[in-house]
Amino acid sequence: MSAPMIEVRGLSVGFTGRSGATLPVLRDIDLTVAPGESLGLVGESGSGKSTLALAAMGYLKRGLRRLEGSALYRGEDMFAKSRSELEAVRGGKLALIPQNSGQSLTPTLRIGAQLGEALRLHAGLPADRHRARVLELLGQVRLPDPEAIFDRFPHELSGGQQQRAAIAMALAGTPDALLLDEPTTGLDVTTQAHILELLREIAAERGMAMVYVSHDLGAIVRVCDRVAVMYAGEIVLQGSVRQVLKAPAHPYARGLLASIPRLSDPALPVALGGRPPAPGQAGAGCAFVDRCAIAQPRCRTEHPALTPLASGDAVRCHFPAEAQTLPIAGQGTASDDARGEAPVLTLDDLSISYSRPGLLDRLMGRAAAVPTVDDVALTVRRGETLGLVGESGSGKSTILKTVAGLLGAAGGEIRFEDTPLPGVVEQRRPDQLRRIQLVFQNPDDSLNPRQTVAEILEQPLKLYFGLSGQALLDRSTEILERVRLGAHYLDRLPGQLSGGEKQRVAIARAFAAQPDLVLCDEVTSALDVSVQAAVLDLLDELQRTQGTTYVFVSHDLAVVRALSDRVAVLYQGRLCEVGPSDKVYGLPSHPYTEVLLGAVLEPDPDVAPRLTADDVVELSPPARGCAFQRRCPRKLGAVCETDTPPWHMGAGGHAVRCHIDLADLAAAQAPAQDAVKKA
Amino acid sequence: MTDAPATPAPARARALSRWGGVLRDVMSRPSGAIGLTLVVFHVVLAIVSPWIVPYDYRAMDATLMLKGPSALHWLGTDHLGRDVLTRTLMGGREALLITGIATPIAVAWGGLLGIWFGLVGGRADEVLMRVVDAFLSLPWILKMLVLIVTFGTGIEVLIPTLAFFYGIPVIRIARAATHDVVARDFVSAARARGHGRITIIRKELLPNVLDALMVEGAMRWSWMLLAFSSLSFLGFGVSPPTPDWGLMIADARGFMSFAPWGVLGPVIALSSLIIGINLTADALAKALGLDRAQKAPV
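Chains A and B supply the protein sequences, listed in that same order.
Going by this note's numbering, the first residue of the first sequence is number 1076, and it counts up by one from there.
Going by this note's numbering, the first residue of the second sequence is number 62, and it counts up by one from there.
Right, dumping it as structure tokens:
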């Protein structure tokens, strides 16, 4: 093997805490990345993976300092370099692609000018050759029509296109090492899959060394050769992707794998209990000991060293052989509950429009804009979970807000049980308000930072049940215990809770109203994967004990599969497919569902995504015909552009809205499915 | 859970402990420590000055007109032979009393109106904001003089006048801060539960807008002091012989070329108070995390 491109030796990084003690964020890190190799860094938030990637280019966030060790690039210590020496290397030969590229591009500079700037600084090309080189770079990142993109501003590009432009910028200095910090987090599934394929191809073409930071093992598996699993600032497991994903020798890695919901498995994932120690809180022994299923007395007193194993990987565990016995796949219970037939919620031909025709439009006789959500008819039965999936902009959250009464509908009807539900909260009866509750995506935003947990829970309890004094306190405690938190949480503020605890409080607040219908809007997407599993498990338990009905919105198809009984697929505010989960996730599918399922990244080196449609973002739905006509890989022709497709009914209430009938869809899709099975 | 159910700390006690923490944070910053010391010094001085000053502020002495600093008169005497030190030490009393009452009134009415319209929005909000804009575009001294000329001077006119004018910019700040909070999901959650507007303002908005209002209040206070001193300077504030910095500067400025000590005392006193308030407001904004440039180290 040639000399390593990036090498980190015994690196420790820390900061000074309030007490004056030095608290480590990274502890004794060793890693090497050879040219042409890509290393994935994976771990929960706070594990130090981003800090490590930045430290590899000699950069530390304000307040952090290097305690010992070195970070070498081509054999030279980045921490020993002067500012001007660092500037010569960073962004040129050693480039970073950050998570949110929309924010890393200068909003007032056209794409061509930004890339030209990077060329001027790092490539040393004469100015007259910049344009040609920029166009070449834009082509290399597979941006359609580089000439047009050249003259655009960042805000005129979609999220995926911005990320591609950021990659092009990183490539401008012809780097030989690339650091990627969650480059696809926050992008739609299809876009994410396309960007990962692009990174894979670029890495293979150029033989660069890559360090890829992500919390998502499904993404890591697509681009990396080796993986380092980080926990509490340490590398706890390092090895080939196949070894780490198929037979990891560390209990934490096994727990992490088991907590990932899989598309192939309808069961709930298994949560990894507890939380990682805060910096400086890890004791003398193993940092993972409090969460470990196979912990022994020795693990509390003796810190395990990173030990090479016969299989070629290295593990920081005293008992790697015992660890191999822990499960790595979800063995949780399938979410299967008794459901009634009585409909709780019925949406009848619902349409929602953000833009209302102004006075001028009406006077001029201009047509109103095409509604954001249109022609949505759904029935949710008592005790079941309806999953609502689609990419961003598909209108899934908009539908939830309308059902919750926060947004008025433009047309159609919402019925709750048998009575029509008035459009906005101000017109609804207190009883109707109580029985429909909403849980939001981000608990940081849905919990008032100035209210204690007691005050948060008191809101619905006072409003709906008029509780006060001891009765209020007893009931609050009872509800907290039901979401597996205790009474000692009552006087805490949201800022003193972890992400998972906050979301539990938000769920507790919704369940305090004793609702019949709970609307869940991406409730797990802001959480770590192990915490996500615990929240899904909690939601499932609450449903089984309370008989609550859920509408569960998510962009993550595997999460929806784990929790839902029935699934509805939305594209551009129009329904494509509705049916029982196993039917929707099986064949035949609507072509859009097929595209979505194909783009899902499974944490399995043997399953590759199938990319069948472009990741073009559409800003508004077409006025006529099928909503998916512009991206459809199975488009028939003019009929898709002119006629609204009919619903084809299959077995068990499965319905697909397409001009192709179910038998033809099944026939066309079966070969692709077989190919995957064989591989 | 093993813990005994802890009774939640009463909201009032918790709020006090938070402000205690904020106060410690303000004092730990150089700007806050200097600023708050200056402000407290001036307030204490205003309260105790009648008992500690060396002379009667009214005592005139024709033999001592415009005399320079001496052992008996540290800051010299003015054109009527009165002790400048005595008058400087007492010159902030009226200003602090009037602005000290008018500032909370201004923040309260401007803040509540701003929060209400920030929450309700719609056409009424648009109209109100255009009125506020139009109002703010006129020179403040002109507006104030019109009112004072119409209703006369005196504490009973000055307090409502200052409270009225300085409440108007607070509407804007409160409305902007409310807009930031209203966009957050916890307000949507309260709406979806069916809470009324008053409850939403009291429980969800006010606690989150209060920080911005505190900082704005401190800034308004310093502006109001300047305005009051300017009015005194023009002869519309306190009436002689009551000592007041603005009035003293107006009286002494004619002799500035040969008796500069007459303006020096009140100028230093007034500017140190205003600088003190501004430094405190600055440190308060940082302590409350309203200063966007300020970031946590890790």
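By construction, the Cβ of each residue, glycine as well, lies at the ideal position given by its N, Cα and C atoms.
Any C-beta of chain B under 9 Å from that of residue i
i	result
A:L1127	no
A:P1505	yes
A:G1498	no
A:L1101	no
A:V1521	One detail in the question is off: residue 1521 of chain A reads as Ser in this sequence, not Val. A:S1521 counts as touching chain B.
A:P1351	no
A:Q1534	yes
A:L1420	no
A:E1842	With chain A represented from 1076 up to 1754, any question about residue 1842 of chain A goes unanswered, as that position is not in the structure.
A:L1508	yes
A:N1517	yes
Contact check, residue i vs residue j, beta carbons under 9 Å
i	j	result
A:Y1660	A:F1703	no
A:L1320	A:C1392	no
A:A1417	A:Q1512	no
B:I95	B:L287	no
A:D1103	A:E1231	no
A:Q1215	A:L1180	no
A:E1162	A:L1086	no
A:Q1516	A:E1597	yes
A:S1551	A:E1576	no
A:S1573	A:V1464	no
A:R1649	A:V1451	yes
A:E1765	A:P1721	Residue 1765 of chain A lies beyond the stretch modelled for chain A, which goes from 1076 to 1754, so this question has no answer here.
Residue i at chain A interface by Cβ criterion, 9 Å
i	result
B:R85	no
B:R184	no
B:G81	no
B:H256	yes
Reduced DSSP secondary structure (H/G/I, E/B, other) of residue i
i	result
A:V1558	coil
A:P1351	coil
A:L1568	coil
A:A1109	coil
A:I1735	coil
A:V1644	strand
A:P1535	helix
A:Q1356	coil
A:I1403	coil
B:P358	Low confidence applies here, because B:P358 scores a pLDDT of 34, under 50, leaving its location unreliable and the question unanswered by this model.
B:R314	helix
B:T68	Any reading at B:T68 needs caution, since the residue's pLDDT is 48, under 50, leaving its predicted position unreliable; the model's value is listed next. Note: B:T68 maps to coil in three-state DSSP.
A:Q1516	coil
A:H1729	coil
A:R1649	strand
A:V1216	coil
A:Y1327	helix
A:T1265	helix
Contacting residues, own chain, Cβ-Cβ under 7 Å from residue i (five flanking each side not counted)
i	result
B:A330	T149, G152, G153 and W306
A:P1383	A1389
A:V1593	Q1512, V1514, A1585, T1623 and Y1625
B:E193	The residue asked about is misnamed: residue 193 of chain B is Val in this sequence, not Glu. Excluding residues within five positions, the ones whose Cβ falls inside 7 Å are I229, I232 and R233.
B:A354	A caution first: B:A354 carries a pLDDT of 44, below 50, which makes its placement in the model too unreliable to give a value.
B:R314	V324
A:V1108	P1079, M1080, I1081, L1114, A1284 and V1286
Other residues of its chain near residue i: CB distance less than 6 Å, five sequence neighbours each side excluded
i	result
A:L1347	G1330, S1334 and S1605
B:S291	none
Same chain, Cβ closer than 8 Å to residue i, neighbours up to 5 away in sequence not counted
i	result
B:P269	Per the sequence shown, residue 269 of chain B should be read as Asn rather than Pro. If we look at B:N269 and ignore the five residues flanking it on each side, its Cβ neighbours are A238 and V242.
A:V1316	G1115, I1295, V1296, C1299, D1300, R1301, V1302 and P1680
Where residue i meets chain D, residues with beta-carbon distance less than 7 Å
i	result
B:A253	Absent from the structure is chain D; the protein chains it does hold are A and B.
Problem set entry | Runs of alpha helix (DSSP H) lying entirely within the stretch 1441–1482 of chain A, each at least 4 residues, in chain order | 1471–1479
Problem set entry | Runs of alpha helix (DSSP H) wholly within the stretch 80–161 of chain B (minimum 4 residues, chain order) | 91–113 and 145–151
For this session: Scan the stretch 164–217 of chain B and note each continuous alpha helix (DSSP H) run of 4 residues or more that stays entirely inside, going in chain order.
Result: 183–198 and 201–212
Problem set entry | Complete runs of the beta strand (DSSP E) confined to the stretch 1129–1194 of chain A [at least 3 residues] | Fully enclosed beta strand (DSSP E) runs of 3 or longer: 1140–1148 and 1169–1172.
Exercise. For the stretch 230–264 of chain B, which segments carrying the alpha helix (DSSP H) assignment without a break, of at least 4 residues, lie completely within its bounds, in sequence order?
Worked result: 246–254
For this session: Could you pull out every unbroken beta strand (DSSP E) segment of at least 3 residues lying fully inside the stretch 1289–1317 of chain A, listed in chain order?
Result: 1301–1306 and 1309–1315
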